[in-house]
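Here the working numbering is used: the first residue of the sequence shown is 9, the next is one more, and so on.
From the three backbone atoms N, C-alpha and C, an ideal C-beta is built for every residue, glycine too.
Computed from a prediction, not measured in an experiment: that's the story for all the values here.
Taking it in order: structure first as structure tokens, then the write-up.
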Amino acid sequence: MLNKFNEIFKVPEVCQDYIDNMVKAEEKRLVVAMEGKEFTITDAIDKLELTKEQVEKLIDTAYKRGILNKVNGKQGTYISTDLYTRLKYTAVFDHYEVIPLEARKSIDEWYINAFIEKHKENFQKLGDNELDIEAAHFLYSHTPFLLEQAYEVIDSADRIVALPCDCNQLSEYRAAREEVFRCIHFDTYADGYLERSLGKVLTREECKEVVRQADKKGYMHCINLNFKNAGPGFICNCGPRWCYPYRAAKIMGSESYYPLRRNVADYESDKCISCGLCIKRCPFGAFSQLDEQVEVKGKLKNKISFDSTICQGCGLCANTCPENAIKMITFK
Numbered sequence: 009m010l011n012k013f014n015e016i017f018k019v020p021e022v023c024q025d026y027i028d029n030m031v032k033a034e035e036k037r038l039v040v041a042m043e044g045k046e047f048t049i050t051d052a053i054d055k056l057e058l059t060k061e062q063v064e065k066l067i068d069t070a071y072k073r074g075i076l077n078k079v080n081g082k083q084g085t086y087i088s089t090d091l092y093t094r095l096k097y098t099a100v101f102d103h104y105e106v107i108p109l110e111a112r113k114s115i116d117e118w119y120i121n122a123f124i125e126k127h128k129e130n131f132q133k134l135g136d137n138e139l140d141i142e143a144a145h146f147l148y149s150h151t152p153f154l155l156e157q158a159y160e161v162i163d164s165a166d167r168i169v170a171l172p173c174d175c176n177q178l179s180e181y182r183a184a185r186e187e188v189f190r191c192i193h194f195d196t197y198a199d200g201y202l203e204r205s206l207g208k209v210l211t212r213e214e215c216k217e218v219v220r221q222a223d224k225k226g227y228m229h230c231i232n233l234n235f236k237n238a239g240p241g242f243i244c245n246c247g248p249r250w251c252y253p254y255r256a257a258k259i260m261g262s263e264s265y266y267p268l269r270r271n272v273a274d275y276e277s278d279k280c281i282s283c284g285l286c287i288k289r290c291p292f293g294a295f296s297q298l299d300e301q302v303e304v305k306g307k308l309k310n311k312i313s314f315d316s317t318i319c320q321g322c323g324l325c326a327n328t329c330p331e332n333a334i335k336m337i338t339f340k
């Protein structure tokens, strides 16, 4: 049965030794019995020879754990997902840390490449200016927003759910979940988690406080650029070391066009006191220290250099600069 399950659930070889940590025996049996096809509770009862109560409980649990999805437009109809989908739920909501670190690194490498493969056609269209950003899925308009711009998005949302950051939880930089409860989903993108009773429901003000604290800790706020037309999708308070869109961009060599940029820093060197806070805050290394020195308030300090081509427009530098030597310019 296990080989059949691995085939139906598309379990890569790198995950097969740890599949028992991700999927329960009764869930495997359900997936195999349904053969990857759409099914109802009645279908599952016939195939599994269980009582209605047992099947309803099994389906409810498998749905909440991301092993099943509901079929749109067909009430009471389900279909199995795959390992790519389940892995996010495993990392975020289960005890993923019991899998050895070296194995998790290998799984993470598989996942980032699967992420690229899954979306490569639209990434290519984006690079060729053939993708309609206003109508595109939120992933393709992934863009760092300034703090006040993030507040505007929050004010436009009706339903808000916060989750631990899946990019972080899957990566080798995995932190304690309570420290990374910063992946925020809105409205239709929140509904799937609300139905599964997952995540933490937030008010708008609570959401703003989460984003504010993330900003203080040095995390950028990535949001779908097309939120005014497509609706708010998410705020990913993340870092480029583990953020999948940024890691994918580095692998694909797409930094010039993806992720998108809404803002850029305007650095005024004549106001700079060379305190170096911008260097510490910038997650992309757009600011650096030169060997050349300059006198500031009677003391010699190394001059600061800024490369606007590296800047992603997150604004973490500007809201930290004590001399207002950095301002953010928003593209039209």
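Item, Value
"Candidates ASP315, MET228, LEU202, ARG182: closest to VAL100 by CA position", "ARG182"
"Residues of its chain near ILE49, where Cβ-Cβ distance is below 8 Å and the 5 sequence neighbours each way are ignored", "LYS60, VAL63, GLU64, ILE67, GLY84"
"C-beta contact flag for GLU263 and ALA257 at 8 Å", "yes"
"Helix, strand or coil at THR348 according to DSSP, with G and I counted as helix", "Past the boundaries of the shown model lies residue 348; the chain is included only from 9 to 340, so the question cannot be answered."
"Contacts around PHE17, its chain only, beta-carbon distance under 6 Å, and the 5 residues preceding and following it disregarded", "VAL39, ASP90, LEU91"
"Helix, strand or coil at ASP174 according to DSSP, with G and I counted as helix", "helix"
"ASP274 beta carbon less than 8 Å from that of ILE312", "no"
"Three-state class that DSSP yields for TYR254 in the structure shown", "helix"
"Three-state secondary structure assigned by DSSP to VAL106", "helix"
"Supposed contact pair ILE87 and GLU46 - C-beta distance, whole angstroms, cut 8 Å", "5 Å"
"At least 3 beta-carbon pairs within less than 8 Å: the segment 173-181 vs the segment 192-211", "no"
"Sequence-distant residues of its chain with Cβ nearer than 7 Å to LEU134 (five each side left out)", "TYR148, TYR265, TYR266"
"Alpha helix (DSSP H) segment containing ASP195, residue limits", "195-203"
"Rounded C-alpha distance that separates HIS229 from GLY239", "17 Å"
"Option in ILE281, LYS279, LEU10, SER296 with minimal Cα separation from ILE287", "SER296"
"Residue(s) in a DSSP beta bridge with ASP136", "DSSP output for ASP136 lists no bridge partner at all."
"Rounded C-alpha distance that separates LYS224 from CYS322", "13 Å"
"Boundaries of the alpha helix (DSSP H) in which MET42 is found, first to last residue", "33-42"
"Backbone CA spacing between LYS96 and VAL31 [nearest angstrom]", "13 Å"
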